[in-house]
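Engineer: Take this structure first; my questions come after.
Number of protein chains: 2
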Amino acid sequence: MKRPAAPLRKACDGIRANSPTRPAHRPDGPSLPRRRTAHRPAHRPAPENRWPPGRTATMLGRMEIREATPEDWAAVWPFFHRIVAAGETFTYPTDLTSAEARGWWMLPAPDRTVVAVDDTTGAVLGTAKMNRNQAGGGAHVASASFMVDPDHAGRGTGRALGEEALRWARERGFRAVQFNAVVASNAPAVGLYRSLGFAVVGTVPEGFRHPRLGYVDLYVMHRRL
Amino acid sequence: MKRPAAPLRKACDGIRANSPTRPAHRPDGPSLPRRRTAHRPAHRPAPENRWPPGRTATMLGRMEIREATPEDWAAVWPFFHRIVAAGETFTYPTDLTSAEARGWWMLPAPDRTVVAVDDTTGAVLGTAKMNRNQAGGGAHVASASFMVDPDHAGRGTGRALGEEALRWARERGFRAVQFNAVVASNAPAVGLYRSLGFAVVGTVPEGFRHPRLGYVDLYVMHRRL
C-alpha cells in the first residue's frame with residue numbers, strides 16, 4: 001500500500017513561503033499554517049510530484065497514511081476501544097462492541113477511513129474517517145473524526161491525519177470541513193484543529209457529560225477550503 | 001388512538017400565569033412562552049389530568065398529536081416529498097424514494113415519530129420526529145425535526161409539534177434540545193424555534209445551498225429544558 005515520493009502537504013506548506021516556482025493557479029492549493037516540523041524532508045520535491053493525483057498514501061518522515069483495509073481493524077480496535085470507553089472525547093456509546101464500532105468507523109466509499117502507519121514497523125498509530133457532513137443542500141461540507149493511539153502520542157499523527165482530511169475534502173470538491181461535536185475540555189484536539197485553520201462557530205452549552213469534569217461544552221468547528 | 005382530556009401543554013401554559021392552584025413543585029413544569037391562542041380550551045382541567053403520565057395524544061382544539069403508525073406514512077409521504085424535493089429547508093437528499101424517506105423519518109423506539117391530525121377529518125397536518133442527538137457523553141441532549149403540510153399551514157401545527165417535542169424530551173429526562181441544521185433563510189422555522197425558547201448557539205457559514213438563494217448559513221439552535 002505504501003507509495004514513495006508522496007510528500008505530505010505539511011512539507012509543501014513549509015516550502016510554499018519561499019518557493020517562487022509553486023504554481024500560483026493551483027485551485028486546490030493549501031492554505032494551512034506554514035509550520036515547519038522535524039518531519040519535513042530536507043529536499044524539495046519536483047512540483048509535478050507534490051500532489052500526485054489519485055495518491056492514497058502520504059509520507060511523513062517515518063509515517064505513512066493509507067486507506068484502511070478490513071484487516072486494519074484488529075489493530076485499530078484496541079485503541080479505539082480504549083479511547084471511546086474512557087468517554088472523555090467522543091460522543092459514541094462507551095460500550096460499543098468491536099463489531100458495532102467497526103460499523104461506526106470503517107466507512108464505505110464515497111466516505112473514507114485511513115490509518116497512519118509507522119513506516120518501519122507497520123504499527124497503526126492512528127486513524128481517521130472522512131465523510132459528508134450533511135446531505136442535500138448541506139452536501140458541500142465534509143466532516144472527519146480522528147483517533148490516535150495514546151501509546152503513540154506526540155509523533156504528529158493527529159496533525160498528519162487532519163491535514164490528510166483537509167486534502168481529501170478539497171480534492172473531493174467540498175467547500176468546507178465541519179466538526180460537529182468537539183469536546184471543549186479536549187484541549188489537544190481543540191488546539192490542533194485551530195492550528196489547522198478551524199474556528200469555533202458554535203458552542204453547545206454543557207453538551208457533553210465528561211466522566212470526571214461533569215458537563216462541558218461541545219464546539220462546532222469549521223474551516224473553509 | 002385519540003385520547004380525551006389530554007390538554008396540550010400550550011393550553012396549560014396559558015393558564016399558568018393566573019392559576020394559583022398550579023403545583024409549584026412540578027419538576028417538569030413548562031417554561032414556554034406564555035402565549036394564549038385561539039385553540040386554548042376555556043375550561044381548566046383538574047390538575048391531575050393536565051399531564052397524564054404515558055399519554056400519547058394531545059388535543060389542540062381541532063388538532064390531535066399522536067404516535068405515528070406505519071399506516072400514516074402514506075399520508076406523510078406526499079408532503080414530505082414536496083418539502084424535501086424543494087430542497088429549501090432540509091439537509092436531506094432531494095431525491096429520496098418513499099422507502100428511503102420512511103427510513104429517515106419513521107423512527108423506532110426509544111426515538112419517536114408523531115403525526116398531527118385534524119381532529120375532525122383525520123387528515124395528517126404535519127409530523128415530527130424526536131431522537132437523541134448524540135450518544136455517549138452527549139446522550140442527554142435531544143433533537144427533533146418537523147414537517148407541516150404546506151396545504152395545512154397557518155393552523156399552529158408546527159408550534160404544537162414543537163411543544164410536543166419539548167414535552168417528550170423533558171419527560172424522557174433530556175437536559176436540552178438541539179437542532180443541528182436550521183436553514184437560516186427558513187424564517188418561519190427560525191422564528192418558531194425562537195418563540196419556543198431556542199437560541200442560535202452556532203452558525204455554519206454558507207452551510208446550506210439553497211436552490212434559489214445560493215449559499216446561506218445553517219444555524220445550530222439549542223434550548224435547555
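Going down the list, the protein sequences come from chains A and B. For the first sequence, position 48 matches number 48 in the UniProt record's numbering, and the numbering has no gaps at all. For the second sequence, position 218 matches number 218 in the UniProt record's numbering, and the numbering has no gaps at all. The beta-carbon is built from N, C-alpha and C at its ideal position, and this holds for glycine as well.
In this structure, how does DSSP classify E171(A) when only helix, strand and coil are distinguished?
Structural biologist: Along the first sequence, read from residue 1 onward, the residue named residue 171(A) stands at position 171. Correct three-state label for E171(A): helix.
Engineer: Just the C-alpha distance for G202(B) and N133(A), rounded to the nearest angstrom, thanks.
Structural biologist: Taking the first residue of the second sequence as 1, we reach residue 202(B) at position 202. Taking the first residue of the first sequence as 1, we reach residue 133(A) at position 133. If you take the alpha carbons of G202(B) and N133(A), they lie about 16 Å apart.
Engineer: Bridge partners for H222(A) per DSSP, in chain order?
Structural biologist: Locating residue 222(A) in the first sequence gives position 222, where the first residue counts as 1. Note: H222(A) sits in a beta bridge opposite Q178(A), A199(A).
Engineer: Are V220(B) and V204(A) close, meaning C-beta to C-beta below 9 Å?
Structural biologist: Translated into the one-based positions of the second sequence, residue 220(B) becomes position 220. Translated into the one-based positions of the first sequence, residue 204(A) becomes position 204. It is a contact, given that the beta carbons lie within the stated cut-off.
Engineer: From this set, A160(B), G207(B), G87(B), which residue's C-alpha is nearest A184(B)'s C-alpha?
Structural biologist: Here residue 184(B) corresponds to residue number 184 of the second sequence, with the count starting at 1. Considering only alpha carbons, the answer is G207(B).
Engineer: Quick check on L218(A) - is its C-beta less than 9 Å from some C-beta in chain B?
Structural biologist: Taking the first sequence and counting its residues from 1, one reaches residue 218(A) at position 218. Interface residue, yes.
Engineer: Establish whether the CB of H81(B) and some CB of chain A are separated by less than 9 Å.
Structural biologist: Stepping through the second sequence from its first residue, residue 81(B) is reached at position 81. Closer than 9 Å: no.
Engineer: Compare the C-beta of Y92(B) against all C-beta atoms of chain A and say whether one is closer than 9 Å.
Structural biologist: Translated into positions along the second sequence, residue 92(B) becomes position 92. True, the Cβ-Cβ gap to chain A drops below 9 Å.
Engineer: In this structure, does DSSP put L166(A) in helix, strand or coil?
Structural biologist: For the purposes of this step, residue 166(A) is identified with residue 166 of the first sequence, where counting begins at 1. Note: L166(A) maps to helix in three-state DSSP.
Engineer: To which residues of the same chain is Y193(A) closer than 6 Å at the C-beta, ignoring the five residues directly before and after it?
Structural biologist: As a working note, residue 193(A) is residue 193 in the first sequence. The answer, listed in chain order, is M221.
Engineer: Are E164(A) and A128(A) touching if we call contact CB-CB under 9 Å?
Structural biologist: Taking the first residue of the first sequence as 1, we reach residue 164(A) at position 164. Taking the first residue of the first sequence as 1, we reach residue 128(A) at position 128. For E164(A) and A128(A), yes; Cβs fall inside 9 Å.
Engineer: Chain A beta carbons: is any one of them nearer than 9 Å to that of A135(B)?
Structural biologist: Counted from its first residue, the second sequence places residue 135(B) at position 135. Interface residue, yes.
Engineer: What does M130(B) pair with, by DSSP beta-bridge criteria?
Structural biologist: Translated into positions along the second sequence, residue 130(B) becomes position 130. R112(B), A144(B).
Engineer: Taking G162(B) and L196(B) to be in contact with their CB atoms under 8 Å, please state how far apart those CB atoms are, rounded to whole angstroms.
Structural biologist: Within the second sequence, numbered from 1, the residue matching residue 162(B) stands at position 162. Within the second sequence, numbered from 1, the residue matching residue 196(B) stands at position 196. Contact holds; Cβ gap of about 5 Å.
Engineer: Taking M147(B) as the reference, which of E67(B), V115(B), A169(B) has the closest Cα?
Structural biologist: For the purposes of this step, residue 147(B) is taken as the residue at position 147 of the second sequence. Closest by alpha carbon: V115(B).
Engineer: Along the beta strand (DSSP E) that carries E100(A), what are the first and last residues, could you check?
Structural biologist: The residue you call residue 100(A) lines up with position 100 of the first sequence. From DSSP, E100(A) is part of no beta strand (DSSP E) but of the alpha helix (DSSP H) over 98 to 105.
Engineer: Candidates D72(A), A199(A), H152(A): which alpha carbon is nearest L107(A)'s?
Structural biologist: In the first sequence, the residue the question calls residue 107(A) occupies position 107. When only C-alpha atoms are compared, the closest one is D72(A).
Engineer: In whole angstroms, give me the CA-to-CA distance for R112(B) and G87(A).
Structural biologist: For the purposes of this step, residue 112(B) is taken as residue 112 along the second sequence, with counting starting at 1. For the purposes of this step, residue 87(A) is taken as residue 87 along the first sequence, with counting starting at 1. Going by the C-alpha atoms only, they are around 26 Å apart.
Engineer: Less than 8 Å between the CB of Q134(B) and some heavy atom of the ligand MN, yes or no?
Structural biologist: The model depicted lacks the ligand MN and carries no ligand whatsoever.
Engineer: Please determine, among G137(A), T89(A), A199(A), R62(A), the residue with the shortest C-alpha to C-alpha distance to R212(B).
Structural biologist: Within the second sequence, the letter at position 212 stands for residue 212(B). Taking only the C-alpha atoms, the option nearest R212(B) is G137(A).
Engineer: Would you tell me roughly how many angstroms separate the C-alpha atoms of A181(A) and P93(A), rounded to the nearest one?
Structural biologist: On the first sequence, residue 181(A) is found 181 positions in, with the first residue counted as 1. On the first sequence, residue 93(A) is found 93 positions in, with the first residue counted as 1. Roughly 14 Å between the two C-alpha positions.
Engineer: T157(A) to M63(A), Cα distance in whole Å?
Structural biologist: As a position in the first sequence, residue 157(A) is number 157, starting the count at 1. As a position in the first sequence, residue 63(A) is number 63, starting the count at 1. Each residue's Cα considered, the two are about 8 Å apart.
Engineer: For E88(B), which beta-bridge partners are listed by DSSP?
Structural biologist: Position 88 of the second sequence, counted from the start, is the residue given in the question as residue 88(B). DSSP output for E88(B) lists no bridge partner at all.
Engineer: Going by the CB atoms, is the gap between L125(B) and H81(B) shorter than 9 Å?
Structural biologist: Numbered from its first residue, the second sequence carries residue 81(B) at position 81. Numbered from its first residue, the second sequence carries residue 125(B) at position 125. Contact: no.
Engineer: Closest by CA to G122(A), which one among E171(A), E100(A), A75(A)?
Structural biologist: Residue numbering aside, residue 122(A) sits at position 122 when the first sequence is read from its first letter. For the residues E171(A), E100(A), A75(A), the minimum Cα distance to G122(A) belongs to A75(A).
Engineer: Report yes if the C-beta distance between A139(A) and F179(A) is below 9 Å; otherwise report no.
Structural biologist: By 1-based counting over the first sequence, the position of residue 139(A) is 139. By 1-based counting over the first sequence, the position of residue 179(A) is 179. Taking 9 Å as the Cβ cut-off, A139(A) and F179(A) do not qualify as a contacting pair.
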